[in-house]
């Protein structure tokens, strides 16, 4: 479904991605973990064309990512952001319906009624007319997920979806994500929620210094890592004191 | 009491003449406003362009125009351009001169609006696959307007008042009509008081309107 081959990317002198290659199958849930600055988010941003890769190939659903194919690929791959990035001048419902109406050209009435259903699905049917500023972080992120779903994507990229939330609000967002995973959505998730990754992910990729250091089934990588650097990272994250 | 009744009888006599000046003031302000908004948008969009040459040109234009007194710019348009073969009548010269002079203030208002838009919102719109035009119309513009509106309103009020400078190039607007009246009637107090009141009658409702609009945008 999504495939990266020898992808590299630098910001000035700093090489943030070195020779990244991996494939994600349809329906697979893959978590990217690793220290800050290891390049996890940059991978997602390259797949969505928000960042231009320096080298290598990215293929989505058999289509190579180029400037020309970017709009088609964006219609297939939706993104959920760390800081939600909801449009502050539009209600929750308008945020969700914005993409279908103004990027896909769908009829407004239809898109709005679907948006209503999606907001109900993420538990926000009573917040359709609320502006983002009136919603909690967890609620905003659930609107963000509904906005991604409204595009009827074949895959969703999550860029640290719970990192900006109050600890108490993390659960409600993870719950929505878990239900998407159970329904077979293809998901690539950059996260620090190790417990969530262990439970929901099929596969975990551990990154450090712009490389994939270790990858494998979630349970194996997270409980019996083979690489010393992975073990060290997990030990620090799970036992911060 | 005598002074006041004198004032009212003067007002009765002078107002019809001053009202025709007021109409010209509104007309020249409106024409200059349109020019300044269009040109200001051009400078602002050049100023946030990805092309460095356009950004430099925009900066140079803004600093140059802002650094020259408006009255000198009007003289230039009205007295110098004819020597270069461009003959404009007083009203057009006034509207163009004020429009150009004010375009750089409008550009700064618009630029402040554009640069207030969080780039992450633009990324969100891009990730939805919205076209550049849609992103401009549906995300950048509506958010920029909220920030640009209060200074924009102030700029319009200033433009209305500065339209009086057009009196120096013979545009028969409110101030000039008043000057002519004062010179011929010697009733300086009555005439200039009336002029001041008429400017207030235009600028206060404008200020009120802008603050209403601000409230409306802020509510969302």
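Residue numbers (the numbering used here), protein chains in the order written: chain A, 6 to 246; chain B, 23 to 242.
We treat Cβ as the ideally placed atom computed from N, Cα and C, and that holds for glycine.
None of the values given here were measured: they were computed from a predicted structure.
For residue 79 of chain A, the residues of chain B that pass the 8 Å Cβ criterion are 148, 149, 150 and 151, in the order they occur in the chain. Taking a C-beta cut-off of 7 Å against chain B, the contacting residues of the segment 144-162 of chain A are 156, listed in chain order.
Between residue 47 of chain A and residue 33 of chain A, the CB-CB gap reaches or exceeds 7 Å. Chain-ordered listing is empty here: chain A has no CB closer than 7 Å to the CB of residue 183 of chain B, the nearest sitting near 32 Å. In the DSSP assignment, residue 56 of chain A falls outside any beta strand (DSSP E) and carries neither an H nor an E. Of B/29, B/171 and B/210, the smallest CA-CA separation from residue 129 of chain B is found for B/171. Short of 6 Å from the beta carbon of residue 174 of chain B, and not among the five residues preceding or following it, lie these beta carbons of its own chain, in chain order: 131. Under DSSP, the beta-bridge partners assigned to residue 220 of chain A are A/210. Within 8 Å of the CB of residue 104 of chain A, the CB atoms of chain B belong to 150, 151 and 152, in sequence order along the chain. For residue 216 of chain A, there are no C-beta contacts with chain B under 8 Å, since the nearest C-beta of that chain is about 25 Å from it. Going by DSSP, residue 100 of chain A is part of the alpha helix (DSSP H) stretching over 97-107. Judged by their CB atoms, residue 150 of chain A and residue 175 of chain A are not nearer to each other than the 7 Å cut-off. A direct Cα-to-Cα measurement between residue 120 of chain B and residue 222 of chain B gives close to 20 Å. Residue 235 of chain B does not reach chain A, its nearest Cβ partner there being about 14 Å away, counting only Cβ pairs nearer than 9 Å. The residue from B/137, B/80, B/28 and B/187 with its alpha-carbon nearest to that of residue 163 of chain B is B/137.
Rounded to whole angstroms, the separation of the alpha carbons of residue 182 of chain B and residue 146 of chain B is 40 Å. For the segment 85-119 of chain A, the beta-carbon criterion of a distance under 8 Å to any beta-carbon of chain B is satisfied by 86, 88, 90, 91, 92, 93, 94, 103, 104, 107, 108 and 109. Here the alpha carbon of residue 106 of chain B sits roughly 39 Å from the alpha carbon of residue 216 of chain B.
When DSSP reads this structure, residue 83 of chain A sits in a beta bridge with A/161. The alpha-carbon separation between residue 121 of chain A and residue 209 of chain A amounts to approximately 34 Å.
Identification of residues in the segment 44-58 of chain A having a C-beta nearer than 9 Å to some C-beta of chain B yields 50, 53, 54 and 55, given in sequence order. Closer than 8 Å at the C-beta level to chain A, one finds these residues of the segment 152-167 of chain B: 152, 153, 156, 160, 161, 164 and 165. Of the candidates A/67, A/218 and A/75, A/75 places its Cα closest to the Cα of residue 58 of chain A.
According to the DSSP assignment, residue 201 of chain A belongs to the alpha helix (DSSP H) that extends over 199-205. Closest option to residue 219 of chain A, judged by alpha-carbon separation, among A/233, A/206 and A/207: A/233.
A buried status is given to residue 190 of chain A, since no fewer than 16 other beta-carbon atoms sit within 10 Å of its beta-carbon. A contact is defined here as three or more CB-CB pairs under 8 Å, and the segment 25-42 of chain B fails this definition with respect to the segment 82-99 of chain B. Bridge pairing for residue 177 of chain A: absent [DSSP]. Residue environment for residue 230 of chain A: buried (at least 16 other C-beta atoms within 10 angstroms of its C-beta). Rounded to the nearest angstrom, the gap between the Cα atoms of residue 118 of chain B and residue 57 of chain B is 7 Å. Identification of residues in the segment 31-64 of chain B having a C-beta nearer than 8 Å to some C-beta of chain A yields an empty set. Residue 143 of chain B has a beta carbon lying within less than 7 Å of a beta carbon in chain A. Across the structure, residue 237 of chain A and residue 243 of chain A are spaced so that their CA atoms are roughly 10 Å apart. Selection A/129, A/94, A/172 and A/123 evaluated against residue 167 of chain B yields A/94 as nearest (Cα-Cα). Taking CB atoms only, residue 40 of chain A has no neighbour in chain B less than 7 Å away. For residue 28 of chain A, the enclosing beta strand (DSSP E) starts and ends at 19-29.
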